[in-house]
Amino acid sequence: MNTTRATLTATASLLVLGLAGCSSPTPGAPEPTTGGETTSAANDPFRIDQPKNLKAISDPCQLLNPQQLQELGASNSEPGKSQWGQDQCTWRNQLLRVNVAPDTVQGQGLRYTSKIVADGKPTAEVAGYPAVHYGISSGSCGTYVGTSDKELFLVYFQTGSEGRNKPEIAEPCAAADRIAGMVISNLPSA
């Protein structure tokens, strides 16, 4: 019985001391907090200083211009639908396969996508815009690029059977990033 009473008394004393430690020394006077994490906008890896207007080009087959397609050795575009239901465009031949899919409908942006396809942080930067690589294999790579807080596009690149010996397209993530840079150069400012 005495042990139980001593334990209850000690517990009550600790509880009172704990609560006293949470109160302000002067009623109504704020106290600084510590241990909280603040993220400065300047240090945000997803920050986009110059947003692009991805909706300005409604046909994704126009996100790469004829000169860029010639440079890539791509022709004969194939319109289609992305996994999120928006129009996309694919070019394929024996050298390569390129898929460009804008996302202006989900409103989630790159920050959200990076949590799904990567570790929640940008893994690359394309022309000054945050990007995330995904689906990396020996012959393919996808690059998601944020163009604003809520919009992004995906360039998925796959090296074709005749492209493996061409240095400019043999490394799929570098090729996807290069093509994503071409897309960015064609987008107007928001």
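According to mature numbering (1 follows the signal peptide of the UniProt record, and there is no 0), the residues represented by the sequence shown are -28 to -1, 1 to 162, in order.
In this text, a Cβ means the ideal position worked out from N, Cα and C, and glycines have one as well.
Selection from the options that minimises the alpha carbon distance to residue i
i	options	result
residue 111	144, 48, 19, 101	144
residue 89	108, 98, 79, 74	108
residue 65	157, 134, 103	134
residue 43	157, 158, 140, 160	140
residue 127	120, 69, 93	69
residue 122	83, 28, 38	83
Three-state secondary structure (DSSP) of residue i
i	result
residue 27	helix
residue 121	coil
residue 131	strand
residue 13	helix
residue 85	helix
Cα-Cα separation, residue i to residue j
i	j	result
residue 36	residue 16	29 angstroms
residue 67	residue 148	14 angstroms
residue 58	residue 77	7 angstroms
Exposure label - residue i; buried when at least 16 CB within 10 Å
i	result
residue 150	buried
residue 136	exposed
residue 48	exposed
residue 75	buried
C-beta contact flag for residue i and residue j at 7 angstroms
i	j	result
residue 118	residue 20	yes
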